[in-house]
Amino acid sequence: MPNIPLFLFGNGLSIALSPVFSLKAITESFIKNLEGDEKLFLTELCGGNESLNFDDFEENFSKLEDAYNSVVKYNQFIKSAVGQKFLAKFNLVDPRLEQHREIIKSIYNKYIYQILGLIIGNVRKTAIQEKLGPFTKFLSEELNGADKGFVFTLNYDLLAETIMLDEIGSENFTDFCSATHVFKGTNIEKFDFDPALNNHKYGEDYSDKTIELHHLHGSLSLFYDFERNKAIKFRSEDIFKYDIYNNIDKENWSLYPAIITGGGKSLKINEYPFEYYFRVFKDLSTYGKYTKLYIVGYSFRDDHVNDLIKRWISSVQDYPEGLLIVDYKSDRGAQEAFKKYVKKALKLRDTIPDACFAFGGANSILSKVGTEAKATKAV
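Taken in order, the sequence shown gives residues 287 to 665; the numbers are from the working numbering.
Shown next, in the form of structure tokens:
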């Protein structure tokens, strides 16, 4: 039987490194640091102080996204020839929506900067070894000893990438980004997201790159370059060194952070470049192409991800032999409630065996024997 593990990392892995990565901690800090009109705007947008969600910024952020997209879309109409005729014909005042767009974008940028600040302070090799040593050792041994290995991340911080660079080595895995000179007008080396180029360089069987890293919901080092219609990546150290996020905001660089957050994740996953990552995961899961599935720190709140987990469960011979769900809960009652929640989220009829769960955090991970794909019937 081949040894093909797939690791799926959620935000819980980051929380294992530091509690400041929890959505509740990020939300409380973010709202606390907003001031003046920006705080009033977000509060009003969310329906008042009582409607602000201090536990999960995703809910607030989805409302912010909706407002931003609506303003941009209507602003494009107002600035068009038809829009100008519309204003003149009905004696309407130009709403100056560009100013609205700017203030919404400034709130968005503050959120991104806050995440970056957390990464600078907490995603460090020494901290990873101190708090996640057993987990990183397990990950390294599983992937390095595999016939083929996959890592899919849902958290868009750089933790998984930092671990893999340190434990696996850049020469042993691919993230489908290849060096392509520098970003225009700068000396900053950029890497184009280009799976086809990756195939050309390493061969379709990835003989030199047996491990793949996929950012299902994007990464803080990944950007849309909308002038070139490309997704590009910078080194994490260059993001800080050249203050790239600030330059995007102040110098109007043609870049936009390639991350999925807020509402409508199931729809956004079909956009570029996320659709590539999702399509690969879907193909692997539908046909049982991996023999082990390690899920670490995932909340099971994303329907599009749950669907693919269920596809894999249905496509292999004996899923309990290959499935391990790792969670941080220590209370017995909370553990039992989580098991029931996972079963409901995956829409499974039968109870998931206890052997498929490991509680106590990422370091409690343990090896699974593995399973195989079901035989496909000829049509």
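Built from N, CA and C at the ideal position, the CB exists for glycine as well. Just so we're clear, the structure is a prediction, and the values are computed from it rather than from any experiment.
Mapping the DSSP letters down to three states, classify Tyr584 as helix, strand or coil.
coil
Classify Met450: buried if its beta carbon has 16 or more other beta carbons within 10 angstroms, exposed otherwise.
buried
Considering only C-alpha positions, which residue in the set Ala367, Phe316, Phe372 and Glu321 is nearest to Phe347?
Phe316
Taking the beta carbon of Ala517 as the centre, do at least 16 other beta carbons fall within 10 Å, making it buried, or is it exposed?
buried
Given that a residue counts as buried once 16 or more other Cβ atoms are within 10 Å of its Cβ, and exposed if not, what is Tyr576?
buried
Secondary structure at Gly435, three-state DSSP: helix, strand or coil?
strand
Give the single residue among Asn289, Leu292 and Ile301 whose Cα lies nearest to the Cα of Ala648.
Ile301
With 16 as the cutoff for other CB atoms within 10 Å, does Gly467 come out buried or exposed?
Residue identity differs from the one stated: residue 467 is His in this sequence, not Gly. Counting Cβ neighbours within 10 Å, His467 comes out exposed, since fewer than 16 surround it.
In terms of residue numbering, what span does the beta strand (DSSP E) encompassing Val468 cover?
Cys463 to Val468
Reduced DSSP category for Phe512 - H, G, I as helix; E, B as strand; rest coil:
coil
Ala413, enclosing beta strand (DSSP E) - first and last residue:
It is not in any beta strand (DSSP E) - Ala413 instead sits in the alpha helix (DSSP H) that spans Lys411 to Asn430.
Reduced DSSP secondary structure (H/G/I, E/B, other) of Lys296:
Note on identity: in this sequence residue 296 is Gly, with Lys being the wrong assignment. Reduced to three states, the DSSP call for Gly296 is coil.
Would you decide whether Leu652 is buried or exposed? Buried here means 16 or more other CB atoms lie within 10 Å of its CB.
exposed
When the Cα atoms are used, what is the spatial distance from Ser601 to Ala659?
6 Å
Given a threshold of 16 other Cβ atoms within 10 Å of its Cβ, counted over all protein chains shown, does Ala367 qualify as buried or as exposed?
exposed
Between Lys596 and Leu292, is the Cβ-Cβ spacing less than 9 Å?
no
Using three-state DSSP, classify Glu336 as helix, strand or coil.
helix
Quick check on Ala661: does DSSP put it in helix, strand or coil?
coil
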